[in-house]
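Let me begin by presenting the structure, written as structure tokens, before commenting on it.
In this note's numbering, the protein residues as written are 150 to 994.
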């Protein structure tokens with residue numbers, strides 16, 4: 150336990166500081182709070198300043214929203230209704246009707262333009278052109294039109310911002326009218342607008358279909374003439390830059406532009422389209438098709454207002470991370486209520502933020518469910534695995550770690566460093582990894598020693614007692630019964646921590662059982678279910694949908710960083726059950742960004758809650774939009790923007806689990822490795838942000854890596870070549886390792902080997918490849934001294950600084966077939982595990 154370096158903070162069970170009524174995390178984030186100003190307030194201020202005689206409003210994507218990215222996507226819903234009521238011929242289904250409906254309208258518009266007529270055709274013309282596929286024997290065209298209008302009416306939702314504007318206009322006695330470029334008639338528009346404006350009158354609606362001209366051609370002048378005013382006395386509000394803003398300007402009317410989501414964040418919009426395609430999905434298809442864009446636009450208006458552009462904190466917080474975490478909080482509360490659970494224990498330091506979001510929903514809905522930060526970590530739970538001291542327990546502890554331990558470091562952590570003498574000298578500093586035969590020997594030596602087993606069991610008991618003090622404090626302060634079912638909330642992923650904690654709490658007398666609620670669980674969660682754990686996943690559940698999960702969850706650390714508090718990992722508890730935190734390691738710039746980002750997530754959650762309470766703009770439920778949210782997360786992890794790559798790639802992520810190791814998300818060492826490794830090798834790399842690294846280093850290979858991650862197969866990509874790594878002392882060969890390499894289709898590859906060494910020796914790399922000379926362009930060295938905790942990684946961009954005997958050229962050393970180079974590694978004290986990677990490029994013939 151790193152108590153010497155740690156800082157004791159006496160947080161209570163709710164994560165609050167003494168004497169404070171506000172959660173510590175929210176309180177600390179306040180100094181990074183960003184201003185909030187709604188678009189509705191700003192619009193009404195403009196109205197008060199300009200005092201227009203009439204305010205005209207665009208209809209679609211301004212006053213009313215469709216649950217789709219493209220208006221024509223709604224046609225599949227119309228097709229479903231027609232198919233269900235047997236109003237289609239020849240066995241045609243909803244999708245076939247959707248395509249035919251779209252093409253019929255397109256053809257009619259083209260014909261009208263070619264004949265010099267207005268392209269503002271109506272539904273009667275469209276359905277007349279479709280009569281050959283419609284079951285019109287006993288049904289009139291008016292009935293088909295009524296079906297489409299009714300489907301639209303049910304699908305459309307009022308815009309929350311415009312609802313406030315309409316209320317403000319009524320309060321000011323300023324009349325308003327509607328002006329729409331559409332194939333609907335004014336009568337049909339009146340029917341669609343009833344929910345947003347129950348008092349709407351047909352006389353206040355101008356349709357481009359009825360008038361034969363659109364807004365760009367002067368439709369606003371028609372409205373002005375009808376009302377007996379000049380166009381300059383109108384204030385127009387709409388979403389389309391060409392039709393609404395420029396169309397108004399052409400007739401002298403001032404306007405207010407409320408852009409759609411795709412105009413607010415073009416990079417995000419296009420990235421989501423790309424992510425959907427990479428995952429084999431389409432935003433136009435159900436269930437991905439939903440109202441997520443409309444919700445995000447409305448929240449943006451409520452938080453950012455009429456400001457056209459925000460910075461990355463605003464965009465990430467309000468358009469990606471905010472919707473994801475708000476939906477998760479909403480879903481978790483619904484699941485807990487359905488299961489009859491009243492207390493949710495939000496695990497680890499991430500629980501301080503997640504519990505806050507869940508409680509926002511619980512308080513607004515008057516729910517009995519209470520979310521509580523439950524400040525644990527693997528450091529304070531995984532030692533409780535040891536009850537018998539058998540091989541299975543040692544394997545479960547050692548193999549759960551990203552950074553491997555040695556027998557010496559493990560015994561030091563258990564407070565019994567002197568017992569390292571129980572392990573053979575040659576095994577004491579071997580890094581224990583699954584699949585390594587030497588690792589089995591290390592664990593066998595530990596299990597074989599009665600003294601080690603006794604010491605480890607005593608350590609486990611001590612950790613269990615410490616955990617018991619904290620659990621008792623939580624139970625007392627939050628009135629949590631040990632006999633009631635509890636929920637455990639976390640981001641994910643394997644749910645192994647839930648299993649470990651569940652068993653520990655059962656040993657402490659908690660008999661009510663538990664259910665885990667996670668943002669996502671991967672395929673490994675199925676093993677925990679087999680061990681008796683019960684868990685639910687929101688976006689992904691036990692790795693399903695599988696092909697999406699294997700891609701999207703390749704980088705989980707971004708969301709972990711967002712949810713982490715501004716404290717380090719939990720390393721223990723004091724005698725009163727207060728939490729002891731490791732010092733936080735992220736730099737100040739990262740801390741400021743994350744605090745601002747959490748603030749924007751809170752803003753999203755509150756604005757969304759206001760939409761729900763209004764019962765108009767919030768009719769779409771985020772918790773029901775998991776398919777679209779999965780694509781949004783994939784956009785962030787697979788198709789990030791350049792700004793995200795630059796910023797997030799430099800974030801520092803600490804491993805926790807008692808390890809002091811931390812590294813940047815896009816570590817330069819791994820960036821060079823990804824630049825040269827084959828795609829199959831990259832696919833198996835345990836790096837934080839593999840797609841981000843690939844986009845920086847080899848963007849042309851992104852699609853292929855996604856294919857591999859989804860389970861696809863690549864043919865003929867890699868070409869094998871032989872190489873050896875030989876070690877000499879005083880001219881005598883002491884070790885000979887295979888260092889074969891594969892050259893990918895783009896001519897790059899890596900030759901690598903891992904070895905243990907101590908003292909002085911020389912190394913030579915022999916190229917036995919048969920495909921011409923090889924350029925060594927980078928040398929990557931990762932060294933882990935047995936007595937140190939962190940891996941020392943070095944990138945040599947000038948190979949000549951570490952290689953000798955090859956043909957030196959600018960930025961590379963060339964090695965011909967059958968030739969070798971000497972590798973001059975820096976000398977480190979003591980036994981060291983070193984990973985040596987030569988980054989290669991085939992020399993063109």
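Where is the CB? At the ideal position from N, CA and C, for every residue including glycine.
Since this is a predicted model, take the numbers as computed values, not measurements.
How far does the alpha helix (DSSP H) with residue i in it extend, from its first residue to its last?
i, result
"residue 477", "471–487"
"residue 276", "272–278"
"residue 817", "817–825"
"residue 783", "775–787"
"residue 359", "357–360"
"residue 933", "Per DSSP, residue 933 belongs to no alpha helix (DSSP H); it is in the beta strand (DSSP E), 923–934."
"residue 712", "706–712"
"residue 290", "290–304"
"residue 649", "645–656"
"residue 997", "Outside the shown range of the chain (150 to 994) lies residue 997, about which nothing can therefore be said."
"residue 320", "309–320"
"residue 421", "415–427"
What residue does the beta strand (DSSP E) around residue i start on, and which one ends it?
i, result
"residue 862", "Per DSSP, residue 862 belongs to no beta strand (DSSP E) and is neither H nor E."
"residue 665", "663–669"
"residue 745", "No beta strand (DSSP E) holds residue 745; the alpha helix (DSSP H) holding it covers 737–763."
"residue 512", "Taken as a continuous stretch (DSSP letters only), residue 512 belongs to no beta strand (DSSP E), being part of the alpha helix (DSSP H) at 500–514."
"residue 593", "Where residue 593 is concerned, there is no enclosing beta strand (DSSP E), although the alpha helix (DSSP H) it sits in stretches over 586–597."
"residue 373", "Segment 368–376 is the alpha helix (DSSP H) holding residue 373; no beta strand (DSSP E) there."
"residue 386", "383–387"
"residue 993", "No beta strand (DSSP E) holds residue 993; DSSP gives it neither H nor E."
"residue 637", "635–639"
"residue 875", "872–878"
Taking buried to mean at least 16 other C-beta atoms within 10 Å of its own C-beta, is residue i buried or exposed?
i, result
"residue 909", "exposed"
"residue 979", "exposed"
"residue 699", "buried"
"residue 149", "No statement about residue 149 is possible, as the shown extent of the chain runs from 150 to 994 and does not include it."
"residue 883", "exposed"
"residue 654", "buried"
"residue 485", "buried"
If I measure Cβ to Cβ from residue i and keep anything under 7 Å in the same chain, skipping five residues before and after, which residues do I get?
i, result
"residue 359", "334 and 335"
"residue 781", "421, 469, 472 and 473"
"residue 817", "944"
"residue 523", "494, 495, 496, 500 and 623"
"residue 766", "Residue confidence is low: residue 766 scores 45 on pLDDT, short of 50, so the model does not pin down where it sits. Its coordinate-derived value is still stated next. Around residue 766: 306, 307, 308, 309, 312, 447 and 760."
"residue 219", "433"
Hey, how far is the Cα of residue i from the Cα of residue j?
i, j, result
"residue 857", "residue 756", "40 Å"
"residue 388", "residue 406", "6 Å"
"residue 982", "residue 589", "17 Å"
"residue 222", "residue 812", "44 Å"
"residue 324", "residue 372", "12 Å"
"residue 870", "residue 890", "5 Å"
"residue 748", "residue 896", "46 Å"
"residue 442", "residue 701", "20 Å"
"residue 352", "residue 511", "44 Å"
"residue 301", "residue 432", "18 Å"
"residue 634", "residue 750", "29 Å"
"residue 346", "residue 314", "11 Å"
"residue 290", "residue 273", "7 Å"
"residue 612", "residue 530", "8 Å"
"residue 303", "residue 752", "29 Å"
"residue 326", "residue 386", "11 Å"
"residue 886", "residue 901", "10 Å"
"residue 377", "residue 363", "20 Å"
Quick one: what's got a C-beta closer than 6 Å to residue i's C-beta in the same chain, skipping five residues either side?
i, result
"residue 577", "556, 557 and 569"
"residue 785", "469"
"residue 665", "637, 644, 647 and 684"
Skipping 5 residues on each side, what residues in its chain have a beta carbon closer than 8 Å to that of residue i?
i, result
"residue 155", "Because residue 155 sits at a pLDDT of 45, beneath the cut-off of 50, its placement in the model cannot be relied upon, and the following sentence gives the value as read from the coordinates. Contacts found: 717, 720, 721, 729, 730, 731 and 732."
"residue 609", "532, 533, 534, 535 and 536"
How about residue i: is its Cβ closer than 7 Å to a heavy atom in the ligand COA?
i, result
"residue 966", "The ligand COA is not part of this structure, which contains no ligands at all."
Exercise. Specify whether the region 201–210 and the region 244–259 touch according to this definition: at least 3 beta carbon pairs, one from each stretch, less than 8 Å apart.
Key: Segments in contact, no.
Quiz item: Are the region 290–299 and the region 218–235 in contact at 8 Å, needing three or more beta carbon pairs?
Solution: Touching, per the Cβ criterion.
Quiz item: Counting Cβ pairs, one atom from each stretch, are 3 or more of them under 8 Å apart for the region 735–746 and the region 789–806?
Solution: By the criterion of at least three beta-carbon pairs nearer than 8 Å, the region 735–746 is in contact with the region 789–806.
Quiz item: Would you say the region 192–200 touches the region 273–287, given that touching needs at least three Cβ pairs under 8 Å?
Solution: No contact exists between the region 192–200 and the region 273–287.
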